[in-house]
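Asks: Residue numbers (this note's numbering): 3 to 196. Even for Gly, the Cβ is constructed at its ideal location relative to N, Cα and C. Questions regarding the structure given below will be posed in turn.
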């Protein structure tokens, strides 16, 4: 698949590739939260032509970039829109799977990046600011028996994320783990038991 990356949009890296590799196996109605250039959503849509895949991002440039990448790859079963997490998603809209590579880098006030690209990196002081907001709203957008697939990092409390998901009623499985320069990255699958 050909991907072009617009200026001001997160360029896919190891975390994106790990998540896309596992998320391409998901079936049904899929939401790719924080879609960026669309790599995860488009990989799934291309592999599963019967899936209906949506991707959203708070960064308008990222949404335009994902739409562009869908066009150049002739992928018709993916749609993209602007949303700050679940803000622009109707309460009654439900998905089989929600996939998310959250911004997980712990950042202080003086470590912000100018423009829309900041949203791709800025996890707040603990690296959990966006992830914890996501976890508060995700269940109301999952179909019964639906699940999450998340990228998790040792930088923002990976174990805390697993425990929180279990307390929320998910059956949790770590699908893979990779060690990089200063962190460990994990792909986590969390299946609802309710």
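#1: By DSSP's criteria, residue 151 is part of a beta bridge. Which residues make up the other side?
#2: Pick out whichever of 131, 101 and 157 has its Cα sitting closest to the Cα of residue 192.
#3: On the premise that residue 97 lies in contact with residue 160, defined as a C-beta separation below 8 Å, what is that separation, rounded to the nearest angstrom?
#4: Flag this pair as yes or no: are the beta carbons of residue 36 and residue 99 separated by less than 9 Å?
#5: Output needed for residue 43: all residues of its chain with C-beta closer than 6 Å, excluding positions within five of it in sequence on either side, in chain order.
#6: Keeping to the same chain, check which residues put their C-beta closer than 8 Å to that of residue 82; ignore five residues upstream and five downstream.
#7: Looking only at its own chain, which residues have a Cβ that is under 8 Å from the Cβ of residue 135, when we skip the five neighbours before and after it?
#8: On the CB-based measure, 16 or more other CB atoms within 10 Å of its CB, does residue 140 come out buried or exposed?
#9: DSSP state of residue 32, grouped into three classes?
#10: Using C-beta distances below 7 Å, list every residue in its chain close to residue 49, excluding the 5 sequence neighbours before and after it, in chain order.
#11: In three-state terms, what does DSSP make of residue 11?
#12: Compare the beta carbon distance of residue 61 and residue 32 with 9 Å and say whether it is the shorter of the two.
#13: Closest to residue 75 by CA distance: which of 183, 91 and 45 is it?
Replies: Put simply:
#1: 101 and 191
#2: 101
#3: Between residue 160 and residue 97, the beta carbon gap of about 24 Å keeps them out of contact (Cβ cut-off 8 Å).
#4: No, these two residues do not count as a Cβ contact at 9 Å.
#5: Result list for residue 43: 34, 37, 55, 57 and 80, in chain order.
#6: 37, 40, 43, 56, 57, 58, 59, 65, 68, 69 and 72
#7: 87
#8: buried
#9: strand
#10: Excluding sequence positions up to five before and after residue 49, its CB lies within less than 7 Å of the CB of 26, all in the same chain and listed in chain order.
#11: Coil.
#12: Residue 61 places its beta carbon 9 Å or farther from that of residue 32.
#13: 45
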